[in-house]
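Down below is the structure, laid out as structure tokens.
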Amino acid sequence: MLAATLAACTSEAQQSAPPHGPTEVQAITLRAADLPLELEYPARVHGSREVEIRPRVGGILEKRNYVEGARVEVGQSLFSIDPQPYRNAAARAEADLAAARARVAQARREVDRLRPLISAKLASRRDLDNAESSLQIAGAEQQGAEARLREARLNLEYTRVESPLTGIAGRALPSEGALLAGAETLLTRVTRIDPVHVLFGVPDNDQLRLQRDAA
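Position 66 of the sequence shown, counting from 1, maps to 230 under the working numbering, and the rest follow consecutively.
Encoded structure:
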């Protein structure tokens, strides 16, 4: 009875066992390829150019004409300095030039008056020489007056402080109403951000690794 039972179990186990066949495996094909190497380092971003904004003339700072931290264009007005003293200086220079021109005209008339008198021997040569010297002096004074007027007008233009480049304007350092001491006073800074420069350092071991991989 025991032998029959064992025989029956063996027969059932043989019938339920799966048939033997080939074992399925996954094949992977290996090939050489260049892969990007990604390395992360802390960096600092700087503008490609930064300029200090300083006034060319002194005076009272009337107004800031830009938004701090905003983009400004080249030639845009950043600050206004009280222009009235420079308007007055330009007006005085114009008056001085007018007076100098009048002296030139008077000296020229004197020379023109004396020349025919010299021919008629009604005036001395010394008188004509003195008149011609006075004309030359008056002409030099007129040139000086013209130069002073150009300078006065230029200083009046400098009361409008403009941005020399397009970029981001920083914080205004002096407040409105402050007395500016000309170019000694730093007003703000403008930074060009197109393009920018990124500064970072690479550790020595990474440098050696990169050099070895590039070889």
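All C-beta atoms, glycine included, are put in the ideal place defined by N, C-alpha and C.
Please identify the residue among the options whose C-alpha is closest to the C-alpha of residue i.
i	options	result
Ala287	Ser297, Leu299, Glu274, Ser298	Glu274
Tyr205	Arg376, Asp370, Gln375	Asp370
Leu320	Gln248, Val360, Leu194	Gln248
Ser212	Asp368, Leu344, Val354	Val354
Leu225	Asp368, Ala342, Pro367	Ala342
Pro338	Glu232, Arg373, Arg251	Glu232
Ala271	Glu258, Ile301, Glu237, Val366	Ile301
Taking all protein chains shown into account, do 16 or more other C-beta atoms lie within 10 angstroms of the C-beta of residue i, making it buried, or fewer, making it exposed?
i	result
Leu242	buried
Ser327	buried
Arg228	buried
Leu278	buried
Ile245	buried
Gln306	buried
Val209	exposed
Thr323	buried
Gln375	exposed
Ala234	exposed
Met165	Caution applies to Met165, whose pLDDT of 48 falls short of 50 and renders its modelled position unreliable; the value that the coordinates give is listed next. Looking at its Cβ environment, which holds fewer than 16 other Cβ atoms inside 10 Å, Met165 is exposed.
Pro200	exposed
Leu344	buried
Ala255	exposed
Leu194	exposed
Val189	exposed
Val268	buried
Ala191	exposed
Ends of the beta strand (DSSP E) at residue i?
i	result
Val325	324-326
Glu226	223-228
Ser244	241-245
Who are residue i's beta bridge partners in DSSP?
i	result
Thr355	Glu214, Ile332
Ile282	DSSP output for Ile282 lists no bridge partner at all.
Arg235	Ile332
Val275	Answer by DSSP bridge pairing: none, since Val275 is not bridged.
Leu363	Arg208
Leu344	Gly223
Which two residues bound the contiguous alpha helix (DSSP H) that contains residue i?
i	result
Gly308	289-321
Would you check if there are 3 or more beta carbon pairs closer than 8 Å linking the stretch 290-310 to the stretch 251-264? The stretch 290-310 vs the stretch 251-264: in contact.
Would the stretch 343-352 count as touching the stretch 202-222 if we require 3 or more Cβ pairs under 8 Å? With the cut-off at 8 Å, the stretch 343-352 and the stretch 202-222 touch.
Using 8 Å as the threshold, is the stretch 358-366 in touch with the stretch 290-301, meaning 3 or more CB pairs across them? The stretch 358-366 vs the stretch 290-301: no contact.
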